[in-house]
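In the numbering used here, the protein residues as written are 1 to 205.
Cβ coordinates follow ideal geometry from the N, Cα and C atoms, glycine included.
Note that the structure is a prediction, hence the values are computed from the model and not measured.
First comes the structure, then the notes that go with it.
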């Protein structure tokens with residue numbers, strides 16, 4: 001079974017991660033499960049994969065680290081997404097989903113598609129890509145929701161297109177349709193309702 005490698009290196013021994021990063025903290029150890037298991041992202045949304053491209057997300061000056069929490073008031077505006085790589089002729093697709101919609105105990109709308117950007121050139125950021133599904137800010141009504149950014153490498157430019165829906169978007173199925181293969185990077189954060197925060201829109205905007 002493969003493992004997710006983020007912010008660290010793979011050791012020579014199978015199944016050993018020398019360094020993993022969770023909620024902004026680096027942890028060193030011997031054998032450990034991929035830290036994605038903590039948030040159940042692997043299994044719920046993604047299959048195990050190897051990170052091969054840097055992916056950084058920022059809301060204002062605050063970087064998204066796996067498992068950290070953001071208030072809905074902080075994530076109103078779309079984040080800055082920096083994509084690694086060294087070739088402007090290589091293009092990437094960014095997917096942002098909520099697998100806990102409308103609530104974690106009954107996520108019958110999962111995955112909810114919050115954002116989709118295609119044709120992002122390597123070594124740039126999402127603003128250089130094509131926003132084919134506009135950013136919808138997280139507004140969780142009940143419970144703690146996970147918001148996951150997933151990056152895929154495209155086969156070429158203009159080879160990925162927008163779906164016609166947000167509800168019940170399935171990242172793995174989407175990747176299969178457009179021959180995107182396994183993710184090359186991903187990062188997620190948690191968010192829960194603030195006092196006075198409204199609910200989620202349920203239609204495509």
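Check                                                                                                                                                                    : Outcome
Among residues of its own chain, excluding the 5 on either side of residue 225, which ones have a beta-carbon nearer than 6 Å to its beta-carbon?                        : What is shown of the chain runs 1 to 205, which leaves residue 225 out entirely.
Apart from the five residues just before and just after residue 103, which ones in its own chain have a Cβ nearer than 6 Å to its Cβ?                                    : 142, 143
Which residue comes first and which comes last in the beta strand (DSSP E) that contains residue 144?                                                                    : 144 to 153
For residue 115, which beta-bridge partners are listed by DSSP?                                                                                                          : 96
Tell me which residues share the same chain as residue 178 and place their Cβ nearer than 6 Å to its Cβ, disregarding the 5 neighbours each side in the sequence.        : 160
Buried or exposed for residue 173, going by 16 or more other Cβ atoms inside 10 Å?                                                                                       : exposed
Please list, in chain order, all residues of the same chain as residue 140 whose beta carbon is under 6 Å from its beta carbon, the five residues on each side excluded. : 191, 192, 193
Considering residue 174, what are the terminal residues of the beta strand (DSSP E) in which it resides?                                                                 : Per DSSP, residue 174 belongs to no beta strand (DSSP E); it is in the alpha helix (DSSP H), 171 to 177.
Tell whether a beta-carbon distance below 9 Å holds between residue 136 and residue 166.                                                                                 : yes
Please classify residue 206: is it buried, with 16 or more other beta-carbons within 10 angstroms of its beta-carbon, or exposed?                                        : Because the chain here runs from 1 to 205, residue 206 falls outside it and cannot be looked at.
Thinking C-alpha only, which one of 56, 89, 157, 181 is nearest residue 79?                                                                                              : 56
Can you grab the Cα-Cα spacing for the pair residue 45 / residue 122, in whole Å?                                                                                        : 24 Å
Buried or exposed for residue 87, going by 16 or more other Cβ atoms inside 10 Å?                                                                                        : exposed
Judging by CA-CA distance, which residue of 49, 50, 75, 175 is the nearest neighbour of residue 60?                                                                      : 75
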